[in-house]
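Listed in order, the protein sequences are those of chains Z and L.
In terms of full-length UniProt numbering, the first sequence opens at residue 1 and continues consecutively.
In terms of full-length UniProt numbering, the second sequence opens at residue 1 and continues consecutively.
Take a look at the structure set out below.
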Amino acid sequence: MATSSFSRGCFVFKPSAKKKKMTVGPERYFTHGSEGSESSEVRFKICLDLWNKVKMETEALQDELNRNILDSLLEFTRKCSSTRDHSDWASQMRASEIPTAALVLGVNIPDHDMTFQSLSDLLRHSVTPHVASLQAKECGALKHLMKRVLERLMGAVVAVGDEEEEELQQTDPELQKSVHCSLTALCDWYISKTKKSSCSAPGKKRSSSVVDGQHQQPPVVIIFKDLEAFNSRVLQDFILICSRYIRRLPLMFIFGIATSPSTIQHMLPNSVSSLLCIELFQSLSCTQHLTTVIDKLILTSSFPFKLSGKVMQVLVSIFLYHDFSVRNFIKGFQLALLEHFHSQPLSSLCCRKNEAQLNVQQLGPADLERIRQLPSFKRYLKEQEEQDNLMTDDSHLKDVCQKLIKGLHKYHKNYYPILRCLHCLTSSLPRYPLGKQIRELHLICLEKNVWESEDYQSAMKLLKMLAKGELISLLQTCAEVLQPVRSKKMKNALVQLEELLAKLKLLDVAVVGPAAAEVAPSVEENLTVRNLQKKTDLFQLQKMLLEMNESRRSKRMSSFEILRNEAVEFVDSLVKNHLSPPESKPLYEVCYYTSSATVRRHLNATPRTSIQAALSSPYSYIQNDSLKTEDGTVSNAAPDICIAYKLHLECGRLINLYDWLEAYSTVVSAAEGSNPDSDGLGKVDEVKHARFIRAVSELEFLGFIKATRKKTDHVARLTWGGC
Amino acid sequence: MAGLLELPGYDEERLRRVSEQLPCRELQAGLLLSLMGQPQQYCYPSLFIYGHRASGKSHVLNVFMKDLELPHVTVSCVECVSVALLFEKVLQSFFGGNAASLLPRSPSLSDFVRIYRQQSSQSPAKQTRYIVMEKAELLRDGDVNLLPTLLRLQELVKDNVSVILLSEIVWDKFRPNTGCFEPLLLHFPDYSKGELQQILSTDRHPSYSAEFYSSYINMLLGVFYPICRDLRELRHLAALNFSKFFEPVAAGKVKETDTHKLWKYIEPHLKKAMQTVYLREVSSLQWEQMAEHETGALRGLSAHTHVELPYYSKFLLIAAYLASYNPARTDKRFFLKHHGKIRKTNFLKKNEKTSNHLLGPKPFPLDRLLAVFYSVVDSRVAPTASIFSQISSLVTLQLLTLVSHDDQLDTPKYKCAVSLDFISAISRTVNFDIVKYLYDFL
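Spelled out as structure tokens, the structure:
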């Protein structure tokens with residue numbers, strides 16, 4: 001928009017009411033630009049359903065995880081409010097401290113909002129209507145803090161006696177005057193409020209209201225969401241003031257702490273912290289939280305949508321390396337979900353089995369062609385004999401697709417239980433050959449055939465060395481994992497496992513003469529131990545250990561060892577049958593989102609790289625054909641700043657502005673198509689001069705150059721590299 | 001004792017009650033009363049009372065004002081976020097709410113004086129009016145003219161009003177450099193051990209004899225007197241630990257008079273209290289529960305120092321620590337691959353013999369932080385937005401502090417605000433040997 005002002009500055013344009021945009025539904029956005037638009041509506045519906053389900057699930061999970069700590073917090077508030085009115089000797093003599101809950105939440109600040117939201121909801125619901133939550137950024141000074149507290153509690157506008165709100169005062173002077181920003185006002189308000197509520201309960205009998213006296217005095221809870229960010233001076237003063245009113249006003253604080261509780265002592269001197277009665281509450285660590293989220297969201301066959309190994313890797317590494325935020329992880333999941341349904345036309349099949357079967361029948365010829373082009377389907381074709389038929393006959397293809405989709409669902413149904421079993425068995429092995437967390441194992445399995453990896457071999461070896469007690473307990477947990485699965489194969493596996501377990505347990509009873517078996521090795525061991533003491537050479541030692549190993553192996557195995565090997569081989573066979581990577585399954589593209597680059601680009605933005613990319617190859621953003629160039633060059637039709645940037649790359653630490661201008665003007669004149677031989681070439685006219693100055697100041701704004709005093713008419717380059 | 005306070009104009013019965021409530025402060029109370037004079041007499045314009053925390057300043061004045069029914073207003077300066085609040089409070093309690101509403105928005109001192117005079121001409125003081133200001137040291141931070149004006153308020157408003165300032169700081173620290181009206185100074189000395197004993201013994205438990213309680217107080221003071229003379233705090237501690245003290249008596253193990261045995265029972269408990277609940281490591285509520293259930297030692301607040309951080313945040317913090325405690329010249333030696341053989345002595349300048357750790361962290365620009373970060377972290381890290389946002393979240397977590405002004409977007413400067421122990425614990429989790437990279441430990 002234009003202004004009539006001569007000076008430079010920021011101008012505010014209020015949006016005119018007429019020009020308001022038509023609100024476009026999310027569906028329009030979704031279908032716009034998505035591939036295979038004919039099925040986009042179906043996909044949008046599936047996507048929305050799925051997301052709603054995921055959202056509900058995660059929210060329930062969050063509540064569940066926070067339940068413990070929130071319950072204990074609620075208990076604490078209740079206890080505090082009930083012990084206040086005791087009139088026994090000890091509590092009368094005691095200095096009245098403000099009950100304070102120090103809630104340690106971890107450094108994942110983005111997640112805290114949800115916790116505090118549910119906390120204040122719960123408090124409002126079950127303990128007290130008077131809850132105010134504060135954020136540090138709105139409480140720069142004591143009066144602002146007071147103002148926020150009063151506002152949130154009383155729901156009224158409060159005057160601070162400040163000039164900033166001059167406008168407000170003019171509009172409503174009466175209201176402004178009536179409430180002053182002090183705790184006295186809050187006290188009066190509280191007393192009137194509690195009186196009113198006790199009067200307005202006519203149903204209660206007189207006698208009961210005495211008993212209910214404590215409930216008639218609900219505590220006033222003030223939540224400091226991010227204690228670390230508060231100005232300690234302000235906080236100290238506020239606590240000092242509050243402590244003066246604690247006899248009249250049942251105040252209570254909740255400190256949200258991101259780092260460690262010792263922050264309180266760093267922030268508050270003893271004279272202030274002695275006014276508080278601090279109790280510590282530790283919340284679940286965010287890594288545990290993530291583990292449960294992954295468990296519920298990803299390692300389950302109830303959601304048809306899956307992440308490929310690489311995408312999962314990106315999301316997990318953002319979590320572990322950057323922010324520890326579960327909320328961001330779920331947001332990333334949401335992004336992948338949206339992208340998948342948006343970009344993959346065949347994702348209409350990514351839903352429940354029955355729906356998918358129906359959707360297969362609805363597929364149009366274009367979609368069928370897409371199926372034929374899928375790499376996984378091509379691989380499948382190669383394995384089959386009747387290729388031609390599938391390539392041409394649409395209805396036959398549909399039938400096969402139904403079968404394949406069914407197979408995919410079955411695969412998922414078996415994959416997760418077996419994954420859990422394998423994790424159960426290997427997670428307690430020394431040095432964690434297959435990872436400590438189940439997500440690591442999952443990533444390995446997604447990538448390749450897990451049984452071919454070295455780590456897997458070593459894990460199996462270690463399993464073959466387990467003691468009986470351990471083995472039995474591990475197998476039992478496996479059986480528990482398999483128990484609830486409703487699948488034929490898993491039921492079979494369970495039966496076999498239980499047989500094995502029963503045999504192992506029988507051994508317990510049958511063991512009568514282990515002495516005979518143990519004599520021989522003990523003699524041998526004595527011998528080897530003596531040998532060991534003799535030889536100290538490392539090489540010799542290694543050789544001997546190997547020999548010992550051999551001799552052990554050649555020995556006759558006890559019945560337990562036979563059973564143990566049998567069990568391990570059984571597990572191995574299960575793994576080989578069910579834990580093959582999804583890439584090997586035909587039509588896996590329907591369910592798996594694989595574009596990790598997109599996710600990374602969206603979630604882990606690299607502003608500097610994109611600025612440099614935009615400047616060095618403007619085509620990638622502007623998509624104008626005239627800008628298309630070979631690598632490393634910039635077309636002379638590019639925007640001014642790109643040309644200036646390109647030219648500045650050729651300079652050293654200090655850039656002579658005049659030379660730069662000359663070069664720029666040469667390039668631009670060439671672009672304007674003037675005859676290269678004519679005299680006008682490279683001549684600097686005013687417009688070019690102005691354009692150049694603008695480009696240079698833009699570069700300065702972006703931080704590529706800065707003014708320098710070392711040399712006149714020079715600027716300093718702030719980046720290095722380039723040509 | 002009761003006869004110490006007497007002045008015509010006051011009810012004798014009342015004076016006796018007042019002096020009963022002020023044990024061990026008879027001298028000060030008598031002096032104060034004689035300074036205040038008879039109710040209708042003009043008092044000295046301003047009094048300044050100072051003494052340590054819990055030496056009875058506010059208590060004496062409160063008792064005087066309440067029991068002698070003098071017109072007064074008590075204001076705590078910490079509460080007066082703006083002067084308007086102070087003025088309003090004074091006017092309201094002297095002349096009622098109507099007078100306070102006459103004050104304009106964001107009133108000045110002259111507004112206050114004007115309205116005060118206007119009101120006092122309508123209802124002149126029959127008795128001296130007192131304005132008691134607690135925590136008066138905060139008045140120094142406010143308006144420059146406020147303190148001098150209050151000191152001679154009597155003269156300005158031409159009314160029988162007197163301002164009493166209470167503070168923990170001596171008057172010398174108050175005197176503005178432009179000079180002002182000198183108030184009368186009155187010092188409240190600390191209570192002696194005997195006085196503390198006397199005062200604490202007065203609030204005995206109703207179901208036990210006074211001697212029993214007094215012996216308890218004696219033991220309590222034996223443990224706590226060397227470290228704490230704050231009456232309020234001592235009273236708090238006495239209340240917290242008394243239940244433990246009468247436990248053996250209630251159980252019938254020890255007679256009330258057997259002080260020696262009682263001491264044996266209570267001493268370890270009090271010693272433990274000194275290390276935990278007195279320092280507020282453990283809250284009083286938890287302390288009581290511990291005493292009830294005999295549970296094992298509770299971990300205090302300062303025991304929890306472990307902080308979990310994302311992987312790159314850890315390295316950013318390590319880089320910040322290195323940048324804060326190593327001189328910038330030495331970066332080359334630590335982070336360049338072929339730095340050649342440079343011994344510490346080559347780097348040493350004359351004035352640099354003191355350890356950097358004794359001098360504290362030094363500020364460093366963002367560029368240096370990132371340069372150190374990239375050479376410290378083992379993998380290639382793209383300079384993504386989240387790396388930068390981690391720096392600012394470290395600032396909000398108070399692990400780093402921003403040294404340059406907020407407005408300076410160009411090359412902000414930071415300082416690392418964590419201790420060596422903390423950073424060693426962090427670097428241990430990422431297998432980084434920080435000591436090898438610190439100039440001080442070379």
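Glycine is no exception: its CB is placed at the ideal position from the N, C-alpha and C atoms.
Item, Value
"List the DSSP bridge partners of L/L400.", "L/C416"
"Is Z/T128 helix, strand or coil when you go by DSSP?", "coil"
"So L/L139 contacts chain Z; which residues on that side make the cut at Cβ distance below 8 Å?", "None at all; the shortest Cβ gap to chain Z is about 14 Å."
"Sort out for me which residues DSSP pairs Z/L654 with in a bridge.", "Z/A716"
"Buried or exposed: where does Z/R709 fall if 16 or more other Cβ atoms within 10 Å of its Cβ makes it buried?", "exposed"
"Just by C-beta distance, which residues in the region 61-80 of chain L are closer than 8 Å to chain Z?", "S76, V78 and E79"
"First and last residue of the alpha helix (DSSP H) that includes L/T149?", "L146 to L151"
"Expressed to the nearest angstrom, what Euclidean distance is found between the alpha-carbon atoms of Z/K353 and L/S386?", "39 Å"
"Which two residues bound the contiguous beta strand (DSSP E) that contains Z/T100?", "I98 to V104"
"Going by other Cβ atoms of all chains shown within 10 Å of its Cβ, with 16 needed for buried, is L/R428 buried or exposed?", "exposed"
"Can you tell me whether DSSP reads L/E12 as helix, strand or coil?", "helix"
"Keeping to the same chain, check which residues put their C-beta closer than 6 Å to that of Z/P586; ignore five residues upstream and five downstream.", "S376, F377, Y380 and L404"
"By a C-beta neighbour count over all protein chains shown, 10 Å radius and 16 as the cutoff for buried, is Z/C277 buried or exposed?", "buried"
"Three or more C-beta pairs closer than 8 Å, one from the region 454-461 of chain Z and one from the region 469-479 of chain Z: is that the case here?", "no"
"Buried or exposed for Z/N66, going by 16 or more other Cβ atoms inside 10 Å?", "buried"
"Who are the near neighbours of L/P8 in its chain, counting only those whose CB is closer than 7 Å to its CB and skipping five residues on each side?", "Q38"
"Below 8 Å on C-beta distance, what does L/R312 contact in chain Z?", "Rather than Arg, the amino acid found at residue 312 of chain L in this sequence is Tyr. Those are Y321 and H322, listed as they occur along chain Z."
"Work out the CA separation of L/P248 and L/A320 for me, nearest whole Å.", "56 Å"
"With a cut-off of 8 Å, does the C-beta of Z/L280 fall near any C-beta of chain L?", "yes"
"With DSSP collapsed to three states, give me the class of L/R129.", "strand"
"When you check each C-beta in the region 103-123 of chain Z against every C-beta of chain L, which residues fall closer than 8 Å?", "V104, G106, V107 and I109"
"Per DSSP, L/S167 forms a beta bridge with which residues?", "L/Y50"
"Please report the distance separating the alpha-carbon of Z/E583 from that of Z/V590.", "11 Å"
"Cβ of Z/A336 less than 8 Å from any chain L Cβ?", "no"
"In angstroms with no decimal places, state the Cα-to-Cα distance between Z/A716 and Z/E662.", "18 Å"
"To the nearest angstrom, how far is the alpha carbon of Z/I109 from that of Z/A258?", "7 Å"
"Does DSSP put L/F174 in a helix, a strand or coil?", "coil"
"Which chain Z residues are close to L/T305, counting only those with a beta carbon under 7 Å from its beta carbon?", "S260 and S262"
"Which residue comes first and which comes last in the beta strand (DSSP E) that contains Z/M252?", "L251 to I257"
"Are any of the Cβ atoms in chain Z nearer than 8 Å to that of L/F242?", "yes"
"Residues in the same chain with beta-carbon distance under 8 Å from Z/P269, minus the five sequence neighbours each way, listed in chain order, please.", "Q236"
"According to DSSP, which residues form a beta bridge with Z/K306?", "Z/Y592"
"Using a Cβ-Cβ cut-off of 8 Å (strictly less than) and excluding sequence neighbours within five positions of Z/L105, which residues of its own chain qualify?", "D111, H112, T115, G256, I257, A258 and S283"
"Throw me the rounded Cβ distance for the Z/F281 and Z/C350 pair, which I believe falls under 8 Å.", "With 8 Å as the limit, Z/F281 and Z/C350 do not qualify as a contact, their Cβ atoms being about 42 Å apart."
"With a threshold of 8 Å between beta carbons, is L/T411 in contact with chain Z?", "no"
"Between L/H205 and chain Z, is any beta-carbon pair separated by less than 8 Å?", "yes"
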